[in-house]
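Letter 23 of the sequence shown, counting from 1, is numbered 41 in our numbering, and no numbers are missing.
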Amino acid sequence: MIDRWREVYEREYPHLLRAPLAIGRDPVAEDAAQEAFVGAHQTGLDHIEKLPTWLLVVGLEVVFRKARRSKYERDLWGLVAGR
Numbered sequence: 019m020i021d022r023w024r025e026v027y028e029r030e031y032p033h034l035l036r037a038p039l040a041i042g043r044d045p046v047a048e049d050a051a052q053e054a055f056v057g058a059h060q061t062g063l064d065h066i067e068k069l070p071t072w073l074l075v076v077g078l079e080v081v082f083r084k085a086r087r088s089k090y091e092r093d094l095w096g097l098v099a100g101r
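Pasting the structure below:
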């Protein structure tokens, strides 16, 4: 099982990093890739039909969630600083 995960990781990780980097979220890219792999591990490879697509979707969801949170925090701090 470990060999299968190692093979998947070595094959998919570089591809998975490119998407977040391409949309300009460099600090979040590695976090997103790692969270996608954690999710895949929790779900199980046997339950994921199209692994590269699944990893990409989960990774991008992480990127967008973190971007929304960052914007929310900036807006909130703007309100607090404006008082």
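In this text, a Cβ means the ideal position worked out from N, Cα and C, and glycines have one as well.
Computed from a prediction, not measured in an experiment: that's the story for all the values here.
- Residues of the same chain with a CB within less than 7 Å of the CB of E79, apart from the 5 flanking positions on each side, do not exist.
- Approximately 22 Å separates the beta-carbon atoms of R36 and L63; this is outside 8 Å, ruling out the contact.
- Between the beta-carbon of Y31 and that of A51 there is about 6 Å, and that keeps the pair under the 8 Å contact cut.
- Each residue's CA atom was taken as its position, placing T61 and L39 some 25 Å apart.
- A distance of 7 Å or more separates the beta carbons of A47 and V76.
- R87 has its alpha-carbon roughly 24 Å from the corresponding atom of T71.
- Bounds of the alpha helix (DSSP H) holding E25 are 20-40.
- A Cβ-Cβ contact shorter than 7 Å links L73 with L34.
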